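Note that full-length UniProt numbering gives residue 52 to position 52 of the sequence shown, counting from 1, and the numbers run on in steps of one. Note that the Cβ used here is the ideal one computed from N, Cα and C, for glycine as well. Bear in mind the structure is a predicted one, so any value in this text is a computation, not a measurement. Below is one structure, written out as structure tokens, with a few remarks after it.
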Amino acid sequence: MVDERIRKPLYRAERPAAPAIPHADNPAPQVLAMYRRIWETTMRDLDFVNRALEVDIAGFRRHRGDWVGAVITPWFVNLCVLPGGGELWQDLGAGERVKLPFPVGELEFIADYDLGAEIPAALHCPLLAPVTALQSQDVALRMAMDALETLFTPAAASVEAPPSAMPAASSDVLPPAPSPDPSVPPRRAFLRRLAGQRG
């Protein structure tokens, strides 16, 4: 007889007590305000942040009824999904993972759930962390906008990068692109890899 204790996970994420409240209007201003507060109150003095960057929001738009955009901070660049009353959003506990469908393919997102936060529920797909390789805010913003463009480009329409440009499967940080700007990672290849495509 199998010991049932073996099958029980050591950690269970706290599940939301109630469904997330959809954002009727574009939540970008709220997201911006929250991360600016985090930057000013808890992150500014940490060694691994990139002080050439500032908190910014890129391209929030509706997709399948929910809100999708990118968040730029001095410590990460992430894709972000917020509830808008659509079919993309899922209520999950903090740290739980889910694959969401986009034109480029399915991407894995990590849930963030904190009732005390300005944005209590969100889903994040990390693009780059730490962000020390990014030389300026303009570079970070272009990276985020290019990632969003790729996200909404059907897989069949994507231009495949040469195999040498594809990041290693085990890499958590995007390597710099060879040229013309060595500080910009190969976003399209990275998103295709996340979506399970192969060059």
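- Here residue 154 has 103 as same chain residues with Cβ atoms under 6 Å from its own Cβ, once five neighbours each way along the sequence are excluded.
- When the beta-carbon positions are compared, residue 126 and residue 78 come within less than 8 Å of each other.
- Sorting 107, 94, 132 by C-alpha distance to the C-alpha of residue 122 places 94 at the top.
- Counting the other CB atoms within 10 Å of its CB gives residue 69 a total of 16 or more, which places it among the buried residues.
- In this structure, residue 76 keeps its C-beta atom at 8 Å or more from the C-beta atom of residue 151.
- In the three-state reduction of the DSSP assignment, residue 126 falls in the strand class.
- Shown here, residue 120 sits in coil according to DSSP, grouped into three states, outside any helix or strand.
- Less than 8 Å separates the beta-carbon of residue 88 from that of residue 63.
- Contact annotation, residue 56 with residue 137: C-beta distance approximately 7 Å; criterion of less than 8 Å satisfied.
- By the criterion of a C-beta distance shorter than 7 Å, residue 32 is surrounded in its chain by 55, 57, once the five residues flanking it on both sides are discounted.
- Contact annotation: residue 117 and residue 98 have beta-carbon atoms that are not nearer than 8 Å.
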